[in-house]
Amino acid sequence: MKFFIKLNTISTLYAIALFIAIELIVNVSHISTLTGWEWDNVYIVIAVINVIGLLLSTMLFICLTKKWTIGKYSYLSLLLWAPYFILFFSFFPVVFPINAGVTLFPRFSVLIYGSVILYPVYILFINLYASPLRTDYEE
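Residue numbers (this note's numbering): 650 to 788.
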C-alpha cells in the first residue's frame, strides 16, 4: 500500500508542476490585468518563475525518487501523471473561468502542446538519473 501511495504522490507532483507552468502561460492576460504590468514584463517574470520552478521541481523529484526507492516501478509515473494532469486541467476552468474576451495566441498552444509531449521524456530522465545502478554481477 505504501508503494501505491508513493507512486501516486510523485505522479501527482509531476502533474502539478506541469499544470502550474502551463496555467501561468495561459493566464498572461489575467496576470497583466491584475498587476498593471505590460505583457512583455509579465512574459519575463513568468519565464523566470518557470525556469526556477523547473530547477527546484527537478531537484525535488530526484530526491523523492531516490529516497523512496520505488525502483523499476517508478517508470509507471511516465503514465500516471497524465490522468492527474487532465483532472487538474479540466477542473481549474470550472473554479476559475476564463473571460469571454480572452483568446490564446498560437504560440501559447504550440508551447503547451510541446510541453505536454516532451514531459514524459523529462520524467524518464529523472527516473533514469534517480534509479540506483545495479552493482550485483552474477556469473
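Glycine included, C-beta positions come from ideal geometry on N, C-alpha and C. Quick caveat: nothing in here was measured; it's all calculated off a predicted structure.
Residue i and residue j closer than 8 Å at C-beta
| i | j | result |
| --- | --- | --- |
| Y663 | S726 | yes |
| I761 | I665 | no |
| T707 | A779 | no |
| V675 | I695 | no |
Buried/exposed call for residue i, threshold 16 Cβ in 10 Å
| i | result |
| --- | --- |
| A655 | For clarity, residue 655 is Lys in the given sequence; the question names Ala instead. Buried. |
| F774 | exposed |
| L667 | buried |
| I659 | buried |
Boundaries of the alpha helix (DSSP H) in which residue i is found, first to last residue
| i | result |
| --- | --- |
| E687 | Unbroken run through E687: none, as it is neither H nor E. |
| Y762 | 755-779 |
| S739 | 726-744 |
Residue i (DSSP reduced to helix, strand or coil)
| i | result |
| --- | --- |
| M650 | coil |
| N676 | coil |
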